[in-house]
Structure formats: structure tokens, C-alpha cells
Amino acid sequence: MSENRKSLVNLNSGLSRRSALKGLGAAAGLIAAPGFVRYGQAQSSEPIKIGFQCHRTGIGAAYGRWYDRVTAAAAKRINDAGGINGRPLEIVIEDDGTDPKRGAEVVEKFANQHKVDLVYGTLFSHVVVGSAPAAGELKIPYYVVSEGYHVASGKLNRYCVQPGITDVKSQARSMAPWIADNLGKKVTLVYPDYAFGHDHRDFFTPAIEAQGGQVVAKVPIPPTETSFTRYFPQIPRDTDVIYHVMVGPAVLTFVKEMGEFFGSGGPQLFGFIDSLEAVDIASPGLEFLEGSHFWEGMPRYAQPDQPDYVTAYRETVGIDDNGASVNDGKDISTAAHMFGCWETLNVIKAAMEACDYKGPDDRAAMIEATEAMTGMDAGPDHPQGKKLFNGKIHQVFGEQSISQVKDGKLEVVHRTSIEDGAYEPEADYTAMSF
Amino acid sequence: MTRLTPSAKTIALHVGVVLLLLALNFLLPEYHRGVFARVLVLAVFAMGYNLAFGYTGLLSLGHAMFFAAGLYGAGLTIYHLEWSVWPAFGTGLAAGAALALVVGFLALRTTGVAFMIVTLMFAQVFYLMTLYFTTYTRGEEGLVLPQASRVLEFPGGALDLSDPSTRYLVALSLFTLVLGAILFLVRAPYGRSLIAIRENEERMRMLGYDVFANKLMSMVLSGIFCAASGAAYAVLFGYVGSGFAAIQYSILPLLWVLVGGAATTLGPLIGTLFMFYVIDTASSYTTAHLLVVGLVLIGVILFFPKGITGTVRERWLPWLP
Numbered sequence: 001m002s003e004n005r006k007s008l009v010n011l012n013s014g015l016s017r018r019s020a021l022k023g024l025g026a027a028a029g030l031i032a033a034p035g036f037v038r039y040g041q042a043q044s045s046e047p048i049k050i051g052f053q054c055h056r057t058g059i060g061a062a063y064g065r066w067y068d069r070v071t072a073a074a075a076k077r078i079n080d081a082g083g084i085n086g087r088p089l090e091i092v093i094e095d096d097g098t099d100p101k102r103g104a105e106v107v108e109k110f111a112n113q114h115k116v117d118l119v120y121g122t123l124f125s126h127v128v129v130g131s132a133p134a135a136g137e138l139k140i141p142y143y144v145v146s147e148g149y150h151v152a153s154g155k156l157n158r159y160c161v162q163p164g165i166t167d168v169k170s171q172a173r174s175m176a177p178w179i180a181d182n183l184g185k186k187v188t189l190v191y192p193d194y195a196f197g198h199d200h201r202d203f204f205t206p207a208i209e210a211q212g213g214q215v216v217a218k219v220p221i222p223p224t225e226t227s228f229t230r231y232f233p234q235i236p237r238d239t240d241v242i243y244h245v246m247v248g249p250a251v252l253t254f255v256k257e258m259g260e261f262f263g264s265g266g267p268q269l270f271g272f273i274d275s276l277e278a279v280d281i282a283s284p285g286l287e288f289l290e291g292s293h294f295w296e297g298m299p300r301y302a303q304p305d306q307p308d309y310v311t312a313y314r315e316t317v318g319i320d321d322n323g324a325s326v327n328d329g330k331d332i333s334t335a336a337h338m339f340g341c342w343e344t345l346n347v348i349k350a351a352m353e354a355c356d357y358k359g360p361d362d363r364a365a366m367i368e369a370t371e372a373m374t375g376m377d378a379g380p381d382h383p384q385g386k387k388l389f390n391g392k393i394h395q396v397f398g399e400q401s402i403s404q405v406k407d408g409k410l411e412v413v414h415r416t417s418i419e420d421g422a423y424e425p426e427a428d429y430t431a432m433s434f
Numbered sequence: 001m002t003r004l005t006p007s008a009k010t011i012a013l014h015v016g017v018v019l020l021l022l023a024l025n026f027l028l029p030e031y032h033r034g035v036f037a038r039v040l041v042l043a044v045f046a047m048g049y050n051l052a053f054g055y056t057g058l059l060s061l062g063h064a065m066f067f068a069a070g071l072y073g074a075g076l077t078i079y080h081l082e083w084s085v086w087p088a089f090g091t092g093l094a095a096g097a098a099l100a101l102v103v104g105f106l107a108l109r110t111t112g113v114a115f116m117i118v119t120l121m122f123a124q125v126f127y128l129m130t131l132y133f134t135t136y137t138r139g140e141e142g143l144v145l146p147q148a149s150r151v152l153e154f155p156g157g158a159l160d161l162s163d164p165s166t167r168y169l170v171a172l173s174l175f176t177l178v179l180g181a182i183l184f185l186v187r188a189p190y191g192r193s194l195i196a197i198r199e200n201e202e203r204m205r206m207l208g209y210d211v212f213a214n215k216l217m218s219m220v221l222s223g224i225f226c227a228a229s230g231a232a233y234a235v236l237f238g239y240v241g242s243g244f245a246a247i248q249y250s251i252l253p254l255l256w257v258l259v260g261g262a263a264t265t266l267g268p269l270i271g272t273l274f275m276f277y278v279i280d281t282a283s284s285y286t287t288a289h290l291l292v293v294g295l296v297l298i299g300v301i302l303f304f305p306k307g308i309t310g311t312v313r314e315r316w317l318p319w320l321p
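These protein sequence lines are chains A and B, in that order.
In this text, residue positions in the first sequence follow the UniProt record's numbering: the first is 1, and each later residue adds one.
In this text, residue positions in the second sequence follow the UniProt record's numbering: the first is 1, and each later residue adds one.
Below is the structure:
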């Protein structure tokens, strides 16, 4: 090491005091300027400001890009219709890097520097969980679009709400009846060996057993794995269905290797589209998925029988019939999740109007107004479908789509009911103090 | 008026820095006060790393495990066993010390690149263990420590660690303690022997020093400081997750120390603060903020080859410790 240091010293010869001071001055200016300037501006702002915690970089960037677009479209729609309580909506975006530490810092930045009315829009569970303490301490509403069970578990705080997208427990449970009736009762779970995969394992297993089925094998895949063939022999021969929830960059390899292992005569496949959000189903190597089934929060491909408000939603957020950007057919959307941004903003609007929100003093009233919500009708504000909000656990319940890959496209073959995904609340946020 | 001796200047500077940081608690806008609280805690991590890397010459790529040992030691005992903050914090320190002792004992049999790789592998094992025991740790998703449990109790009162001002002052107290300890250490004969080991290990061995024992002690102290930072992070900010055990958090303290100045007492603070604001500012303007960070780092290497404080010491203030 000492040799390394010596070699660095030799680079040092050209530094003068003046240039060093210039550099320091510029750095100080760079550091101080934007933050303090914005802090000053925030004092006199009139619009309702929503801090959008966006995964612009990091592993969630593909989701972040589409959450951003849908948020912009939904905010424009609300503003075009007169805003919220007559005030325009302003979305302030900060990149959380899909990182829980940065997420918490961003929440503090929103609350203390941008002076937003609330924070919204987070997807990845670890960022939600990492940011939740900051939201609770700063007493700022935190409306997440994450599908994690974290909010519903009661482990966060009263300021955390998930009113625009269902959670993984509800999703996994609602798949069980259809899988048992249509694909088979003996299920092998293949899942990543960390919290996201464990949630699927823990929530789906009792659900399939309640349908008379059973999980015949559980195959956890370590998160650092890049090749999967050696795990496939663990799948019992009498398996009817492989339930897979692999995510991340390795998913293409996973599907390809599974295809090579089973050929055309393997068990039925059921997966969560999370694995393939923002990925073209027609990608090379994914041919093996033909005929298999997926959970979708909202269909990626335009369906022949979709209501007008769904068509309008798709046009407004800018996706074509294949679920890709209207500007770039290769830019595949995260359709199964991003509707949650649209619906959450509409819930925020409804809650603010219900409590006649004036400013940060009404934040607690806004949370109470959200807690008081129950049924939400399908329509332009809720294009994914009707919903039922449970104020005790701050979690919304809804219908899910089960789609089959046909000719390289996803076609909805079944729609679950809200009751399929219902479960007993395990917490009561309304009993917590603000 | 007589000129101050280097020793008096050093003491005055460090007291001045601490007093300035204390004053900032009352002067900074709310957001920046929160930033400084976080930076002070992470600067302790960097100072711990600096003891091993800067002063002893041990380029470890695995210090995330010591930070995470403190984080989980404190966090899991609070979350699962409902311990109060003091014993939980103590558990965090003990976990860091024990881990550093074991890892140091094994890894210090290697040097140079091999040492980097061995520490990296140990850290990766620790990281994967946090995922493997997801039942208890919730893996990458992590755990929220209930706000009610984050209370520092002492005879005659209690401090709510989620209060911004309290949090800042507690972070500053920890920072001051560790800064004082490091300053004392590096000026004491033991610290001098560490620097001598860094400069010429063979000569120290020839002079009769037990190089292995000295390096092991340095690793353990470094591990304790890093664990203190991790434990403080858990109780002050209320989140425990495996992301903090990932490779990124082994690289960050190296970066902070290199930018601030290796083998300087105040370099880690300056490096951590500098890097935070570069990222915070750049990410407000562009999604390519990592490109900006890279350019800034190249600039720092060109103009401050020994880090900011290290170059200041070399050029203008040779008495800086």
C-alpha cells in the first residue's frame, strides 16, 4: 500500500494555492447552492406538492422510468380537471437509487427541504421499509406503490399507506384456487432465497393447502446464483405445477435453462410477471414460456374486451397494444404494477378532498380520511378494477389477472375476485397514535 | 504571545471542529441538520476503516461486515428480544469486536491483494448469512425498529433518539468519542508503531515488534469503531437491512477515506461529508449523477492526490495529525 501512496504523490506537482482555492470555492458553491435555494423557494409555494420517491437509478430503474411516466400522466389528468381542492398538483422527484439508506434521506429531503405535503411512489420493499421510520418521525404521509406485505403487516407506522396496489400476500393467496382447479394440486415452489421469495413461499403454501393441494417441494435459489440447471433435479417427478418467482437479471437464464431441462413435456408453469416486467415476452430464449401462465396486476397487452376507461388509461400513459411505449416499441412497460401510481394519486386526491386538506397541519386528517375509505369502483380513477380498502392495515385489496402466453403475447384467461385474496388483518394502525 | 506547539494546535483544531459541529446543530436548516447527523455516524465508520487502512496499511475490502455486525447486533436484539438501547448497542460492539478478532486472526496471515480478497470473501459470507437467515433478519427488505424502542435511558431521564436534535447530539457525542480515541491512539506509541508497520513491516519485525499482534489489535479496534457506527445507525435511524452488509458498504468507507485523506484524523469526516453532498447535489440535476461523482473523484485524485486533508497537511499544515 505504501508504494501505491508514493506513486500518487508524484501526480501532485502542479497544484497551486490559487487553483486549490478555486476548486474548493467551486465545490462549496456546488454543494451549497441548489439545496439552500430550493429551501428558500419552498416557503411560498401554492400548489399541493407531492414528493415522488423514484427509482431512477439502481436495480429498480426500469420500474422507476414507467412509474415516472404514469405519475406525470396522472398528475396532468388531475390538474386538467381542476387540481385538488382547486389547487394544482406539483410532483417533485428525487432519485432514491433503489437504496434504503438513500430512500430515508430522500424522505427527509422532501419533508424538510422541498416542504412537500406528502411522499409517494416507492416500489421496492427494502426502500419502503428503510424510508418508513423517517416518514413516521417526520409525520409525513407516505403513500407507497410497492405490493409488499410490509404496510399490511402493521410493522411500519400510521403514516404509511398502500391504497393503490394489492400486496404480495393477497396476490399469492388469490392465485391458489385457480391453480388448484386448472393446473394441478401438486406444486413445487422455485423462489429466490430472500425476503421476496420467502413471502411467496409463506403466503402461497397455506393458500394451496386450503384448496386441497400441497407444496411437494420448495427450491430456494441463492441470490448470487447465475446458473440454475443443478436445482431442477430437486423438482419431484410428480409435480403438476412449478410456481416460479425469480427476479433480476438472471431470470432470462433461469427460464432458458428450465426449458432446456424439461423440453416440451415438463410440468405446468405458473409465474409472477414481476420476473419479466419491462422484458419483451418475445425475447430469444423465452419461447419455452409459450402456453404457461402468469399473474398480472393489470394486463400488459390490450385485451379485446377491455372497458373504455382502460383504453383511455393506456393511451394517456403512452403504451400501445403490446404494452410498449408508443414512442419505442422496444421500451416495454411495467404494466402489471405501474397502474398503482395512477390509482394512488387518485386516492390521494379523494382523501385530500374528503378532509378539505389545506396544508401540512391536515396531514393526520388526511390519513384518517384515507383510513375511512372502503370500496372503490372500477373506472377512470381505478382502471385496474374495483378495490376494497382496509383502513386498519392501510392496505387495498383488488382483483387480479391470470394470463396465458399465446403466440408470444399474454392473454387474460381468468380474473380473480377480491374475496380470493382476502385475509384477516394482523394489525390495526388506527389504534396507533399519530 | 507565544506560538502554539503542534500538539496544542492539534488539540485546538479538534476541539474547534467539535464545537463548530455542536453549533451547527442550532444553525443548520432542518434538512442539513439531518444530513449532518447521518454523516457524523457514517464518519465514525470511515474513521474505523481509516485506522486499519490509513494508519496500519491494511487495505480491507470487507469492512461492511463490521458495520453490519454492529447494525444487526443492536437491531436484532431490540427487534426480537426487546432489549433497551444500551445493552443492544453493547451487543453491537461485542459482535463487531468478536468478528474482527476472528476475521483478523485468519485474514492477517495474508497481505496485499490476498488480504483484500480474503476480507472481501468474509464480508460476502456475512452478507449472504444475513439473507440466509431471512426468517430473523428479513434479508434485503430489512426490519424497522419501533420508534418506542429507540429511547436512550439513563438514571434520571431518557432521550428519544428519533428527535432530530437529540439524534444529532448523540451522533456528535459518538463522533467526538471516536475522534478523541483515534487522535489519542495515533499520537500514542501504539499508533506510531502501526504507522511504522505500514511503512516498513520487515524493519519493525527486525526491531522486535510483534507485527501480527499489533495488526490484529488494529483490526479489532477498527472493527469496534465500525460496529459502533452500525449500532448507532440502527438505533438512531431505526432501520436494519442486509444492504448495509453488501460490497458497496465495503467500498464506500475506502472512498470516503481516500477522498478525505488517509491517515488523517479529520479526513474521514471531510470525505464522508463531501461525497454525501456531491451525490445529493448531482442527483437533483441528473440521473447520470454517478458520472458526476466519477468526474469529481478524478478531480480530487488530480488535485488532492493524498485526499483533501492529506494534501492540506502536505502543502500547508504539516502538523495535522
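For each residue, glycine too, the CB sits at the ideal point set by N, CA and C.
Small disclaimer: the values here were computed from a predicted structure and weren't measured.
About 4 angstroms separates the CB atoms of P6(B) and W319(B); that is less than 8 angstroms, so the two are in contact. Judged by beta-carbon spacing, T188(A) lies within the 9 angstroms limit of P267(A), meaning their Cβ atoms are closer than that value. Taking C-alpha positions only, F52(A) is separated from Y149(A) by approximately 21 angstroms. No Cβ of chain A is located within less than 9 angstroms of the beta carbon of D210(B).
Taking the Cα positions, E411(A) is about 40 angstroms away from F110(A). Remark: C-beta atoms of Y191(A) and K218(A) approach each other more closely than 9 angstroms. Contact between the stretch 84-100 of chain A and the stretch 346-366 of chain A is established, with three or more Cβ pairs separated by less than 8 angstroms. Taking each of A132(A), A176(A), G60(A) in turn and checking the Cα distance to S162(B), the smallest one comes out for A132(A). Here I270(B) has G260, I308, T309 as same chain residues with Cβ atoms under 6 angstroms from its own Cβ, once five neighbours each way along the sequence are excluded. Residues of the stretch 232-243 of chain B that bring their beta carbon within less than 7 angstroms of a beta carbon in chain A comprise F237, G238, Y239, G241, G243, in sequence order.
Every beta strand (DSSP E) of 3 residues or more that sits fully in the stretch 313-352 of chain A is shown, in chain order, as 328-332. The continuous alpha helix (DSSP H) containing T10(B) extends over residues 6-27.
The CB of L276(A) never comes closer than 9 angstroms to any CB in chain B; the least such distance is about 20 angstroms.
Taking the beta carbon of R203(B) as reference, no residue of chain A falls within 8 angstroms; the closest one sits roughly 12 angstroms away.
Under DSSP, W295(A) takes part in a beta bridge, and its partners are F272(A), I402(A). Around the beta carbon of Y285(B), fewer than 16 other beta carbons lie within 10 angstroms, which makes this residue exposed. Nearest in C-alpha terms to Q395(A), of all of D361(A), D331(A), Y143(A), is Y143(A). Listed by position along chain B, the residues whose Cβ is nearer than 7 angstroms to that of K109(A) are Y31.
Annotation: Cβ neighbours of N112(A) in chain B (cutoff 8 angstroms, chain order): P29, E30, Y31, G34. Only exposed fits D321(A), as fewer than 16 other CB atoms lie within 10 angstroms of its CB. Going by beta carbons, L128(B) and P222(A) fall inside the 9 angstroms limit. What D95(A) touches in chain B, judged by beta-carbon distance under 7 angstroms, is S283, T287, going in chain order. Boundaries of the beta strand (DSSP E) around N390(A): 387-390.
Annotation for R300(A): G323, A335, L410 place their beta carbon closer than 6 angstroms to its own, counting only its chain and skipping 5 residues before and after. With at least 16 other beta carbons inside 10 angstroms of its own, S174(A) counts as buried. Against chain A, the CB of P164(B) has a partner CB under 9 angstroms away; the residue lies at that interface. Contiguous alpha helix (DSSP H) elements confined to the stretch 240-284 of chain B occur at 248-260, taking only those with 4 or more residues.
In terms of beta-carbon proximity, G230(B) stays away from the interface with chain A, with every pair separated by 9 angstroms or more.
When the five nearest sequence neighbours on each side are left out, the beta carbons in the same chain lying within less than 6 angstroms of the beta carbon of Q404(A) are those of H293, E411, V413, in order along the chain. Taking C-beta atoms under 8 angstroms as the contact rule, M65(B) and L99(B) qualify, at a distance of about 6 angstroms. In this structure, the beta-carbon distance from K185(A) to G291(A) does not fall below 9 angstroms.
Boundaries of the beta strand (DSSP E) harbouring Q214(A): 214-221, taken from the DSSP string.
Excluding the 5 residues flanking it on each side, M373(A) has same chain C-beta neighbours closer than 6 angstroms at F389, in chain order. K155(A) belongs to the set of residues whose beta carbon lies under 9 angstroms from a beta carbon in chain B. In the displayed model, R415(A) falls within a strand according to three-state DSSP. Shortest Cα-Cα distance from F270(A) to any of A73(A), V245(A), A278(A) involves V245(A).
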